[in-house]
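Residues 1 to 455 (our numbering) are what the sequence shown spells out, left to right. For reference, the structure is listed below as structure tokens.
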Amino acid sequence: MIPERPNSKKNQQQAQNYARLFRRSVRRHPLMLVFLSLLVVILVLGILIGVRRCGHSLPARFYETSADLGACARLDSIVLRPQGKIYGLPVDDYAVERGEIESGETFSRLLNQRYNVNITVVNRLLALSKGRFEPRDIRAGHTFTAFLTPDSAQTLCYLVYERNKTDYVTFGLCDSVYVRVDKKEVTVEERYAEGTINSSLYATMAENNLPEDLATRMSKIFEYTIDFYALQKGDKFRVVYEEMFIDTASIGIGTIYGVEFLHAGRSYWAYRFNQDNDWGYWNDKGESLKRAVLMAPLSFNARVTSKFGSRIHPIKRIRRQHNGVDYACPVGTPVRAVASGVVTRCGWDSFGGGKRIWLKHPNGYESAYLHLSRFTVKQGQHVSQGQVIAYSGNTGASTGPHLDYRLKKNGKFINPLNNTSQPSTPIKAGNKAAFEQMRRDVRKVIDSYAGTGKE
Numbered sequence: 001m002i003p004e005r006p007n008s009k010k011n012q013q014q015a016q017n018y019a020r021l022f023r024r025s026v027r028r029h030p031l032m033l034v035f036l037s038l039l040v041v042i043l044v045l046g047i048l049i050g051v052r053r054c055g056h057s058l059p060a061r062f063y064e065t066s067a068d069l070g071a072c073a074r075l076d077s078i079v080l081r082p083q084g085k086i087y088g089l090p091v092d093d094y095a096v097e098r099g100e101i102e103s104g105e106t107f108s109r110l111l112n113q114r115y116n117v118n119i120t121v122v123n124r125l126l127a128l129s130k131g132r133f134e135p136r137d138i139r140a141g142h143t144f145t146a147f148l149t150p151d152s153a154q155t156l157c158y159l160v161y162e163r164n165k166t167d168y169v170t171f172g173l174c175d176s177v178y179v180r181v182d183k184k185e186v187t188v189e190e191r192y193a194e195g196t197i198n199s200s201l202y203a204t205m206a207e208n209n210l211p212e213d214l215a216t217r218m219s220k221i222f223e224y225t226i227d228f229y230a231l232q233k234g235d236k237f238r239v240v241y242e243e244m245f246i247d248t249a250s251i252g253i254g255t256i257y258g259v260e261f262l263h264a265g266r267s268y269w270a271y272r273f274n275q276d277n278d279w280g281y282w283n284d285k286g287e288s289l290k291r292a293v294l295m296a297p298l299s300f301n302a303r304v305t306s307k308f309g310s311r312i313h314p315i316k317r318i319r320r321q322h323n324g325v326d327y328a329c330p331v332g333t334p335v336r337a338v339a340s341g342v343v344t345r346c347g348w349d350s351f352g353g354g355k356r357i358w359l360k361h362p363n364g365y366e367s368a369y370l371h372l373s374r375f376t377v378k379q380g381q382h383v384s385q386g387q388v389i390a391y392s393g394n395t396g397a398s399t400g401p402h403l404d405y406r407l408k409k410n411g412k413f414i415n416p417l418n419n420t421s422q423p424s425t426p427i428k429a430g431n432k433a434a435f436e437q438m439r440r441d442v443r444k445v446i447d448s449y450a451g452t453g454k455e
């Protein structure tokens, strides 16, 4: 049997009749409209209150039925944000207090006297720390974070001690007593920087809001080829590197992939490359930047006041040959051995050099350091390249605190600032293709940042 189709005309007529009756009723009874409006408002508020009940502000015991709880769980996964955490701990569940270790404060005193932790629990934590962290190593000024119960008792549940920028130790005291050593998550971002020297590399970093450590790292890369105490106004650099972050706070410079340094009209390139499981920096020709002799015996806090060659002697006031380079620096500045070798002379120079040291190196090199304040090595001792052998001073025939550095090759004094023809390890034949690809990639990245479009 086929069902009868509804009479659409009849339905429309009925709907029109109901509408006329509703309008007539509203005109006769205006309070009805007010009642209907209130009913709609109540329904809307009921819905909103029902949704609000599902928030984290109410514990589970306030949910009346399992159906309510299930509905709220579904809403949690859709609408509610996850709880905030610090060191992996839920901060919303605790009163969080930050502080610093005071001078002379021990781990036991911190827990027992500041937070009234029972000495039995303190001793248990000390026992659990063995082999993981030595509580006696906590240092004044280091940061700690305390997680306290949000009630009036303010019971300490967790204490987090920051060993350094990345490492921290968590001490658990509530549900279970434990010690855990962790690292913060470090993110790495690529950075590009460039600058023009007006006075010094450090000053240029400050002028361009760049990390000071970037200057130190670049000077270390080029310490065999560029004398950073002899930089000239107008020298430039371009560098691509990594900067490390924890959350949004920078914790320092990571890998430096490539640098171009323009000094005295000449371009110096450095590319990071691994050969024989040893990371180093190489120039455009595929030669290692590490050489037999450092360009300078100081670590970046001096300036050249007198160069190698003929000059008017500052005391005798006559023209004579100066066989070294003078660096003005405060008394007590560390002096490094420019190459590995043996101390051949260590003592007083009767010809005006004051306290001085002579070193003998491979490949026919010798180096001398004059006007020192004190020594850290003895005659006959073997030293390594970069080792601190003495501290600068103002002894002997000296007009002010400085270091007189001298260099010999095969028994003849040479200009230390021009000593760039030293032997260098080349890229091996089997690594040339990989090095060339890396070199092109670094150049392309630096040029793209600088907007030169070169390759």
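Ideal Cβ positions, reconstructed from N, Cα and C, are used throughout, including at glycine. All figures in this text were calculated on a predicted structure; none of them were measured in a lab.
Neighbour-count burial assignment, residue i, 16 or more Cβ in a 10 Å radius
i: GLU436; result: exposed
i: ASP235; result: buried
i: THR333; result: buried
i: SER392; result: buried
i: PHE62; result: Residue confidence for PHE62 is low, a pLDDT of 28 falling below 50, so the modelled location carries little weight; the figure read from the coordinates is stated next. Result: exposed.
i: ILE253; result: buried
i: LYS432; result: exposed
i: THR484; result: Since the first residue of the chain shown is 1 and the last is 455, residue 484 is not available in this structure.
i: HIS263; result: buried
i: ALA459; result: The chain is shown from 1 up to 455; residue 459 falls before or after that span and cannot be answered.
i: ASN419; result: buried
i: GLY50; result: With a pLDDT of only 49 at GLY50, under 50, the local geometry of the prediction cannot be trusted, and no value is derived from it.
i: TYR192; result: exposed
i: GLY324; result: buried
i: ALA270; result: buried
Residues sharing a beta bridge with residue i, DSSP
i: PRO334; result: TYR391
i: LYS412; result: LYS409
i: SER310; result: GLN321
i: ASP278; result: GLN275
i: ILE86; result: LEU89
i: PHE375; result: ALA390
i: LEU417; result: The partner list for LEU417 (beta bridge, DSSP) is empty, contrary to what the question assumes.
i: VAL96; result: PHE147
i: GLY380; result: DSSP output for GLY380 lists no bridge partner at all.
i: ILE101; result: Answer by DSSP bridge pairing: none, since ILE101 is not bridged.
i: ARG303; result: ALA328
i: LEU370; result: ASP404
i: ILE357; result: CYS346 and TYR369
Proximity of residue i and residue j at Cβ, strictly below 9 Å
i: VAL179; j: THR170; result: yes
i: ALA413; j: MET295; result: Per the sequence shown, residue 413 should be read as Phe rather than Ala. Cβ atoms of PHE413 and MET295: not closer than 9 Å.
i: SER299; j: VAL331; result: no
i: THR344; j: GLN379; result: yes
i: PHE261; j: PHE245; result: no
i: LYS408; j: GLU366; result: yes
i: LEU403; j: ASP326; result: yes
i: ARG114; j: ASP284; result: no
i: ALA230; j: VAL338; result: no
i: VAL442; j: GLY258; result: yes
i: GLU243; j: VAL188; result: yes
i: TYR87; j: VAL160; result: yes
i: ASN394; j: GLY354; result: yes
i: ARG217; j: ILE251; result: no
i: VAL181; j: TYR168; result: yes
i: TYR158; j: GLY141; result: no
i: ASP227; j: LEU417; result: yes
Beta-carbon contacts of residue i that lie in its chain and below 6 Å, excluding the five residues immediately before and after
i: ASN363; result: ALA292
i: VAL445; result: VAL240
i: ARG98; result: THR145
i: GLY55; result: Residue placement at GLY55 is flagged as unreliable, the pLDDT there being 37, under the threshold of 50; the coordinate-derived value follows with that caveat. Nothing meets the Cβ criterion.
i: LEU111; result: VAL117 and VAL122
i: SER340; result: SER384 and GLN385
i: THR155; result: THR149
i: ASN208; result: GLY195
i: LYS165; result: ILE251
Beta-carbon proximity list for residue i, same chain, < 7 Å, skipping 5 on both sides
i: ILE427; result: GLN275, TRP282, GLY286 and PHE435
i: ASP349; result: ARG356, LEU370 and GLY396
i: TRP358; result: THR344, ARG345, GLU366 and ALA368
i: LYS233; result: ILE197 and ASN198
Close Cβ partners of residue i (< 8 Å) along its chain, the five nearest in sequence each way excluded
i: MET205; result: GLY195, PRO211, GLU212, LEU214 and ALA215
i: LEU126; result: PHE107, SER108 and PRO135
i: LYS290; result: TYR224, GLY280, TYR281, SER424 and THR425
i: ILE389; result: VAL335, ARG336, ALA337, VAL343, ILE357, LEU359, TYR369, PHE375, THR376, VAL377 and VAL383
i: SER310; result: ARG319, ARG320, GLN321 and HIS322
i: GLY347; result: LYS355, ARG356 and GLN379
i: SER152; result: none
i: LYS85; result: VAL91
Beta strand (DSSP E) segments (min. 3 residues) lying fully within the segment 124-203: 143-148, 156-162, 167-172, 178-183 and 187-196
Ordered list of beta strand (DSSP E) runs contained in the segment 194-266, each at least 3 residues: 236-246 and 249-263
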